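Just so you know, we're using my numbering here: the sequence shown kicks off at 92 and counts up by one. Ideal Cβ positions, reconstructed from N, Cα and C, are used throughout, including at glycine. Being a predicted model, the structure only gives us computed values, none of them experimental.
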Amino acid sequence: MRRVIRRSSLLAALAVASPACFLDDLLDGDSGPVQHDTIALSTGIDMAYRELGDPDGDVVIFLHGYTDTSRSFMPTALAFHQLDDDYHVYVLDQRGHGGSSMPPAADCAAAPAQCFEPADMADDVIAFMDAKGIARASIVGHSMGSFVAQELGLSHPQRVDRLVLIGTAASVVGNVVLQDYILAEPVEGAWKAGFEAQGLAFPEEVYALDPLDADADAQAWIEGAWVVDPAADPDYLASIVPETAATRMGTWIGVARALLQTDNSQRLQDLSVPTLILWATQDAFFYDDPDQQALRAALDVAVDACKLEYWFKQYGKRPIGPDGVQIDDIGHNTQWAAPQEVARDLVAYFGTGQPTKDWYYSADGDPQDIVTQKKAAPLYHGKCE
């Protein structure tokens with residue numbers, strides 16, 4: 092007999108009852124558990140970040156996705172802190188996102204991708220750790236941030252305790268969503284045309300501008316077609332939209348082009364940092380086939396060589412529709428829909444080396460109601476025998 096429970100009211104208070112206002116109060120001031128600041132890095136980036144937890148605790152660094160900010164992970168970070176306040180948590184705004192600076196236009200405007208590769212962002216994280224005197228940290232990355240986390244684990248394994256990759260893959264080369272749905276249109280379609288109609292050269296002269304400078308209706312597109320998730324709280328999504336709309340064109344262009352050149356299929360065969368992968372069944376960015384299967388195949392090579400131990404955990408139970416659109420279950424932005432549940436898995440993984448065995452998915456008829464089925468999660472454990 093299965094045991095199914097609903098979200099606990101203890102943690103639900105973090106994301107329910109005007110979550111946007113709740114987060115705004117925390118992000119805009121230094122009251123409560125969250126502090127925020129900006130630090131100048133040796134890479135030339137002024138990095139904005141949020142901080143909470145025990146200054147003497149083990150460090151956990153959260154890395155958000157493409158066109159997001161630290162807000163993307165704050166409900167999860169707060170839930171994580173409430174479950175276990177012994178950790179020292181940092182939630183970063185990565186270069187060109189949120190309150191962090193852009194890399195210099197003189198070096199990057201003509202070819203933004205060369206300044207927004209995962210390796211560039213990983214260098215920022217290492218520079219941040221150096222500036223803060225952090226010897227080692229566990230890294231939690233979502234989507235774009237997961238590829239930065241991969242780069243940290245591959246290039247700087249001595250600085251990483253554990254990796255958590257949410258909404259990830261081994262390769263982004265040829266990704267249809269990023270190539271056709273974002274880059275081709277609207278970034279290099281309607282928005283490019285809007286800038287060129289103003290006599291601005293693309294991308295050189297639009298590097299520091301934002302989508303609203305090209306199209307007064309750009310925020311409506313972002314709200315209706317980009318910052319969307321039927322399993323997430325709509326007020327929370329609404330709080331993300333203005334920050335996404337303010338993201339500079341150099342970031343929109345540079346990250347997309349850089350990620351579309353990113354293929355770690357071979358490199359991940361040498362990964363040695365213990366890793367947890369969280370993937371949801373209605374991830375419209377990275378599917379089960381081919382993305383998750385290729386990812387696990389690469390990691391299994393490292394396991395077979397006794398270099399790596401990893402866990403793969405599935406969120407959601409209903410498959411994505413034939414049109415590839417998230418409809419009624421948890422999707423690519425797993426931590427938006429299930430911040431408390433992700434936090435439980437993080438606490439379990441950092442504390443015991445494995446996630447919870449509980450299965451998290453959307454209730455029938457109500458995607459925002461996240462159900463917990465005890466000890467029933469689809470789990471895969473890659474371990475050297």
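If you draw a straight line from the C-alpha of V346 to the C-alpha of E476, how long is it? 39 Å
Do you know whose CA, among Q384, A305, I152, lies nearest K223's CA? I152
Evaluate contact between the stretch 128 to 148 and the stretch 169 to 179, counting only Cβ atoms and requiring at least three cross-stretch pairs below 8 Å. yes
Return the CA-CA distance between F238 and A228, expressed in angstroms with no decimal places. CA-CA distance, F238 to A228, rounds to 16 Å.
To the nearest angstrom, how far is the alpha carbon of A197 from that of P209? Those two C-alpha atoms are separated by around 20 Å.
Taking only the alpha-carbon atoms, compute the straight-line gap between L183 and T259 and give it to the nearest angstrom. 18 Å
Please report how far the alpha carbon of P458 lies from the alpha carbon of L174, in whole angstroms. 24 Å
What residues in its chain sit with their C-beta under 6 Å from that of P430, if we drop five residues either side in the sequence? A106, P166, T167, A170
Count the other CB atoms, across all protein chains shown, that sit within 10 Å of the CB of D414; report buried if there are 16 or more and exposed otherwise. exposed
Within 10 angstroms of its Cβ, does D308 collect 16 or more other Cβ (buried), or is it exposed? Burial call: exposed.
Could you tell me which whole beta strand (DSSP E) segments of length 3 or greater appear in the stretch 344 to 424? 366 to 371, 401 to 406
Considering only the beta carbon of each residue, do E295 and A202 sit closer than 7 Å? no
With 16 other Cβ atoms within 10 Å as the buried cut-off, status of G265: exposed
Note the first and the last residue of the continuous alpha helix (DSSP H) segment covering Q173. 165 to 174
Touch test, the stretch 350 to 368 against the stretch 236 to 253, Cβ-Cβ under 8 Å, three pairs minimum: yes
Nearest-angstrom Cα distance between D215 and G156? Going from the Cα of D215 to the Cα of G156 covers about 15 Å.
For L470, which residues of its own chain have a beta-carbon under 6 Å away from its beta-carbon, when the five flanking residues on both sides are left out? K404.
How long is the line joining the alpha carbons of R93 and S453, rounded to whole angstroms? Reliability of the predicted coordinates at R93 is poor, the pLDDT of 42 falling under 50, and the value obtained from them is presented with this limitation in mind. Near 16 Å, if we compare the C-alpha coordinates of S453 and R93.
For the alpha helix (DSSP H) that S191 lies in, which residues bound it at each end? Counting along the chain, S191 falls outside any alpha helix (DSSP H), and DSSP gives it neither H nor E.
Whole angstroms is fine: what's the gap from D221's alpha carbon to L132's? 9 Å
N-terminal and C-terminal residue of the beta strand (DSSP E) that F153 is part of: 150 to 154 is the span of the beta strand (DSSP E), which, as asked, contains F153.
In three-state terms, what does DSSP make of K474? coil
With distances taken between CB atoms, is the gap from L154 to A240 smaller than 7 Å? yes
Leaving out five residues before and five after E242 in sequence, what residues of the same chain have Cβ atoms less than 7 Å from its Cβ? P209, A210, A213
Would you decide whether G187 is buried or exposed? Buried here means 16 or more other CB atoms lie within 10 Å of its CB. buried
Option nearest D159 by Cα separation, candidates D324, A337, V297: A337
Quick check on DSSP: helix, strand or coil for P458? strand
May I have the straight-line CA-CA distance separating V318 from P302, to the nearest angstrom? 14 Å
Which residues does DSSP pair with Q126 in a beta bridge? E142
With distance defined between alpha-carbon atoms, name the residue in G473, D460, F164 nearest to A322. D460
Counted within 10 angstroms of its Cβ, other Cβ atoms place G456 as buried (16 or more) or exposed: exposed
Between P195, D252, F219, which lies nearest to F441 when the distance is taken from Cα to Cα? D252
Suppose you measure from the CA of K466 to the CA of P446; what does that come to, to the nearest Å? 11 Å
Closest Cα partner of L256 within the set V394, H127, W370, A385: W370
For G189, which residues from the same chain have a beta carbon less than 7 Å from its beta carbon, with the 5 sequence-adjacent residues on both sides left out? A139, T160, S161, E334
Where does D301 sit, in a helix, a strand or coil, going by DSSP? coil
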